[in-house]
Amino acid sequence: MKAGEAQSRITGELRQMLAAVTGRDQLLEIPPQTQLFGVGVGLDSLAGTLLLRRVQRRYGVDVAAEDLNLDALQTLGTLAAFIAERV
Amino acid sequence: MTDGTLIKCVVWDIDNTLLAGVYLESGDRLPPADPRLLGVLRELAGRGILQALASRNPPEAADYVHRLTGADFAAMECGWGSKAAALRQIAADLGLAPGAVAFVDDDMLDRAEVAAAMPDVLVLTPDDAAEAADWPQFSPPVITAEARRRTQLYAARRRREAEARAFGGSRADFLRKVGTRVTIGHAAPADTARLHELSVRTHQLNSAGNPVTEAELAVCISSSADLVATVTLADDFGDDGLVGAAIMSGNAVASGPVPSVMWVPLVMMSCRALGRGTLDALLAWLCRTAAAAGSTELQVPCLVTERNVPMRLALAAAGLRAEPGAVAADGRAVFARPLTGELPGLPDWVSDRDPQ
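In order, the protein sequence lines correspond to chains L and W.
Heads up: take any position in the first sequence, counting from 1, add 1062, and you land on our numbering.
Heads up: take any position in the second sequence, counting from 1, add 5, and you land on our numbering.
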C-alpha cells in the first residue's frame, strides 16, 4: 500500500513538472497511462531533457544514466514507478 | 589560455567596459560606447562568435546598449546577483561548456569571482579584449554563412522562446503558428564546410560524438553508396540555414545494392534547433527513405554520454531501441527499429527537397 501511495504522489508531481516544462496547463489533466512520446503529449527532446533534469533535482534519480532506452518515459505511470523503486 | 579551445561566446560587462561610463550614474546624458571594444565585438560577431551581456544594472541598460550599438546579443543577464551566476545562466541557455566562454569586465573583483567560481572561463580585462581578435582562441578556421549570422539567430531564438512561453498550445501548434519551414534534402559539395562545422560544434544532438573531416564528408556526398541528408530551418523569426544532417550508409553492413539494414553512422543537429521539431522530422525522414529503398531495419550507433541525452530522447521517440546493456567498450550502443508497420510521420511543415 505504502509503495502505491508514494507512486501516486510522484505521478502527481511529475504531471506538474510536465506542465511546467511544456508550458501546457492542460497536461495537468492527463491520466497516468497516457503515452508521452508521439500523439497526445508529443514529448520532444527539449521537453524530455528539461523533465529529466527536474526529476534528477527533485528525487536524485538519473533516469538517463540508468535506463539506456529511456523506456521509463513511456508514460507518467512508468516514470513514477521507476523513480519510486529508487527513492 | 595556451590550449586550442575555440571561444564560442564572449560575455561583456556594460559599465566602463562596452560603455565608456556608468549607465546609472550618467544622469540625462547616457554614456557612449567604447569604440575600441565595440570594434572588437563586431569583428568577433562576424566570425560567428556569440556576444552576450552580463551586468549589474536594470534590463534597460542592455536595451540601451543594443539600441546604441545596433549589436545583437544572444543572451542578456542583468540584475544584482553575482557575475558567476549570470555566466552559468548564459552558458546553460546557449548550451555551452564554460571553457567555450570568455568574460570581459573592467572590475577586478568581478573577474576574480568568475575566475574562482568557473576556472574554465577565459577571463579578460578590457585591454586584453582589445587584442583578442588576434588570438587563436578567437580565430575559427572556417567561417560559414550560418556562423556570420549566429548572434542574430540566437537573438531571434530569444524572441521566439518568449512567444512560445506565452503560447498555451502544443509545440506542434506553435511551430505551425510561427510559420516553421523544415526542408530535408541531399547534401551538395558546397555544404561540406558547414557540415564539418556542425560535426565539431554539436554535442547534445550528436550521435557519433566525434568530428567528421571535410574530406570524409566530401567522399560521402559524392559516393553512390552513401547518402548525406541535410536539414534547413526557417520561420517568421529568421532563417537558420543548414542546422542538421545525417549520413546513411548502406554498404557498411551489406554487400548487395539494397541492404536490408540501413546503417546511419551520424545524426547531428544544432542545439539552436532544439524544440523545433527538426530532429524528429529527420529521424522520420530517415525511416521513410530507408523503407522506400527496401531496407527492413534502421540502425543508429550512438555514443552514450551525459551530454547527448537529448539525442537519445529523440531516438526513443522515433521508436529506436538498443539491446539492454549493449553499450560497447567504445561507449556506443546500436539503436535500431524495424521499418515495417507504421513509420513515424513527417509533420506538415516539413518538405522533401528531392522527392523520390
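Heads up, the beta-carbon is just placed ideally off N, CA and C, and yes, glycines get one too.
DSSP beta-bridge partners of residue i
i, result
"Ala239(W)", "Arg186(W), Asp244(W)"
"Cys83(W)", "Ser60(W)"
"Trp268(W)", "Ser254(W), Gln304(W)"
"Ser356(W)", "Thr188(W)"
"Asp231(W)", "Ser254(W)"
"Pro343(W)", "Glu302(W)"
"Gly249(W)", "Val236(W), Met274(W)"
"Trp17(W)", "Leu58(W), Val109(W)"
"Asn211(W)", "Met273(W)"
"Thr1137(L)", "Gln1097(L)"
Cα-Cα separation between residue i and residue j, rounded to whole angstroms
i, j, result
"Arg186(W)", "Ala239(W)", "5 Å"
"Cys292(W)", "Pro349(W)", "7 Å"
"Ala331(W)", "Ala105(W)", "33 Å"
"Ala38(W)", "Leu46(W)", "11 Å"
"Val258(W)", "Asp178(W)", "Summary for Val258(W): the model assigns pLDDT 47, below 50, so the residue's position carries little reliability, and this model does not support an answer."
"Ala1142(L)", "Ala230(W)", "45 Å"
"Asp357(W)", "Gly249(W)", "14 Å"
"Arg163(W)", "Ser265(W)", "44 Å"
"Gly337(W)", "Met273(W)", "Looking at the sequence shown, residue 337(W) is not Gly but Arg. Looking at the two C-alpha atoms, the distance is approximately 15 Å."
"Ala286(W)", "Thr22(W)", "44 Å"
"Ser300(W)", "Asp132(W)", "60 Å"
"Leu1113(L)", "Ser60(W)", "30 Å"
"Arg93(W)", "Pro194(W)", "38 Å"
"Gln1078(L)", "Leu320(W)", "25 Å"
"Arg153(W)", "Glu302(W)", "39 Å"
"Pro103(W)", "Arg1086(L)", "32 Å"
"Leu247(W)", "Ala1065(L)", "49 Å"
"Thr1111(L)", "Ala66(W)", "33 Å"
"Val27(W)", "Pro36(W)", "7 Å"
"Glu311(W)", "Asp68(W)", "36 Å"
"Trp17(W)", "Asp110(W)", "7 Å"
"Val1103(L)", "Leu203(W)", "30 Å"
"Leu1130(L)", "Phe1144(L)", "13 Å"
"Ala334(W)", "Thr149(W)", "35 Å"
"Ala167(W)", "Tyr159(W)", "12 Å"
"Val70(W)", "Leu1098(L)", "43 Å"
"Ile189(W)", "Leu1135(L)", "28 Å"
"Leu11(W)", "Gly173(W)", "39 Å"
"Asp20(W)", "Ile54(W)", "22 Å"
"Val1101(L)", "Thr237(W)", "24 Å"
"Ala298(W)", "Gly346(W)", "15 Å"
"Leu308(W)", "Glu328(W)", "14 Å"
"Leu362(W)", "Pro1093(L)", "There is no way to answer for residue 362(W), as the model of chain W reaches only from 6 to 361."
Beta-carbon contacts of residue i that lie in its chain and below 7 Å, excluding the five residues immediately before and after
i, result
"Leu232(W)", "His191, Met253"
"Arg41(W)", "Ala135"
"Leu1076(L)", "Leu1138, Leu1141, Ala1142"
"Arg181(W)", "Trp354"
"Tyr1121(L)", "Ile1145, Val1149"
"Ile1072(L)", "Ala1142, Ile1145, Ala1146"
"Leu344(W)", "Cys292, Ala295, Ala296, Ser300, Thr301, Glu302, Leu303"
Rounded distance between the beta-carbons of residue j and residue i, thought under 8 Å
i, j, result
"Met316(W)", "Asn215(W)", "In fact, because the Cβ distance is near 14 Å, the residues do not count as touching under 8 Å."
"Gly100(W)", "Leu1108(L)", "Actually they are not in contact, since the Cβ atoms of Gly100(W) and Leu1108(L) sit about 11 Å apart, beyond 8 Å."
"Asp245(W)", "Arg277(W)", "6 Å"
"Val128(W)", "Phe108(W)", "5 Å"
"Ala267(W)", "Ala295(W)", "Checking the sequence shown, residue 267(W) turns out to be Met, not Ala. 4 Å between Cβ atoms; contact."
"Met368(W)", "Ala89(W)", "Chain W is shown from 6 up to 361; residue 368(W) falls before or after that span and cannot be answered."
Cutoff 6 Å; reference residue i; Cβ partners in own chain excluding five residues on either side
i, result
"Phe78(W)", "Gln56, Ala57, Leu58"
"Pro306(W)", "Arg337, Val339"
"Leu1089(L)", "Leu1080, Ala1081"
"Leu200(W)", "Leu222, Ala250"
"Arg165(W)", "Phe242"
"Gly32(W)", "none"
Nonlocal neighbours in the same chain, by C-beta distance under 8 Å from residue i, ignoring five residues either side
i, result
"Val314(W)", "Gln209"
"Gln157(W)", "Asp77, Gly243"
Min CB distance residue i to chain B below 8 Å
i, result
"Val205(W)", "Checking the listed chains, one finds no chain B in this structure; the protein chains it contains are L and W."
Scan the segment 1075-1086 of chain L for residues whose Cβ lies nearer than 9 Å to a Cβ of chain W and list them as they occur along the chain.
Thr1084, Gly1085, Arg1086: these are the residues of the segment 1075-1086 of chain L whose beta carbon lies less than 9 Å from some beta carbon of chain W, given in chain order.
Could you list the residues in the segment 1093-1114 of chain L with a C-beta less than 8 Å from some C-beta on chain W, going in chain order?
So the close ones are Phe1099, Gly1100, Gly1104, Leu1105, Asp1106, Ser1107, Leu1108, Ala1109, Gly1110, Thr1111, Leu1114.
Counting only Cβ-Cβ distances shorter than 8 Å, please list the residues of the segment 152-186 of chain W near chain L, keeping chain order.
Residues Ala169, Arg170, Phe172, Gly173, Gly174, Ser175, Arg176, Ala177.
Under 8 Å, CB to CB, which of the residues in the segment 86-120 of chain W have a partner in chain L?
Here the close residues number zero.
Check each residue of the segment 265-296 of chain W: if its Cβ is closer than 8 Å to any Cβ of chain L, include it; give the result in chain order.
Answer set for the segment 265-296 of chain W: Leu279, Gly280, Gly282, Leu284, Asp285.
Along the segment 296-323 of chain W, where does the CB come closer than 8 Å to a CB of chain L? Name the residues.
Of all residues in the segment 296-323 of chain W, Val309, Glu311, Val314, Pro315, Met316, Arg317, Leu318, Ala319, Ala321, Ala322 have a Cβ within less than 8 Å of some Cβ in chain L.
In chain order, what residues of the segment 324-339 of chain W put their CB closer than 9 Å to some CB of chain L?
Here the close residues are Gly324, Leu325, Arg326, Ala327, Glu328, Pro329, Gly330, Ala331, Val332, Ala338.
Using Cβ-Cβ distances below 8 Å, what residues of the segment 1119-1137 of chain L are close to chain W?
Close to chain W, meaning a Cβ-Cβ distance shorter than 8 Å, are the following residues of the segment 1119-1137 of chain L: Ala1126, Ala1127, Leu1130, Asn1131, Leu1132, Asp1133, Leu1135.
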